[in-house]
Amino acid sequence: MIKEANKDEAKIKKIEEVRSIAEGYFIRGEFFCSEAVVKTINDLLGKPFGDDVTKLASGFPIGIGKSGCVCGAVSGGVMALGMSYGRCHGEAMHEEMFTHSADLHNHIKGMYKSTCCRVMVKD
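Under the UniProt record's numbering, think of the first position of the sequence shown as 1, with each following residue one higher.
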């Protein structure tokens with residue numbers, strides 16, 4: 001039980017680190033939400049992809065190209081999950097990719113009642 005609690009505590013601490021770094025990029029205006037998430041995860045994974053990977057996230061901010069729809073942070077999060085669970089050459093899909101992507105979507109939808117940027121940022 002103690003081992004499990006320590007594991008959960010470490011996981012929560014890592015999530016807070018990711019959040020803090022990504023929010024910092026966003027607040028300072030260095031990156032939009034999707035870019036900040038992708039850059040942060042790539043950096044914390046030891047840069048398995050070059051810095052240019054952040055460019056892949058550049059069309060997703062403010063709900064995909066300012067359309068206000070799918071949240072850029074959610075899109076960036078799903079792209080970041082692909083860094084660990086994605087595939088390259090048509091091999092079998094890792095079930096974790098779908099599971100974690102759905103978990104992220106459902107977590108955000110549960111918190112904000114939507115994954116749509118324009119709905120989420122409404123006061």
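In this text, a Cβ means the ideal position worked out from N, Cα and C, and glycines have one as well.
Inter-residue spacing [alpha-carbon to alpha-carbon] between residue i and residue j
i	j	result
residue 62	residue 105	17 Å
residue 109	residue 68	15 Å
residue 95	residue 103	12 Å
residue 12	residue 5	11 Å
residue 15	residue 82	17 Å
residue 26	residue 41	14 Å
residue 19	residue 28	14 Å
residue 7	residue 99	20 Å
C-beta contact flag for residue i and residue j at 7 Å
i	j	result
residue 76	residue 57	yes
residue 37	residue 80	yes
residue 71	residue 115	yes
residue 65	residue 59	yes
residue 119	residue 101	no
residue 112	residue 97	no
Where residue i falls: helix, strand or coil (DSSP)
i	result
residue 18	helix
residue 53	helix
residue 71	coil
residue 88	coil
Nearest residue (CA-CA) to residue i, options the options
i	options	result
residue 22	83, 73 and 3	73
residue 30	44, 97 and 54	54
residue 44	90, 3 and 17	17
residue 117	32, 2 and 19	32
residue 35	48, 46 and 52	52
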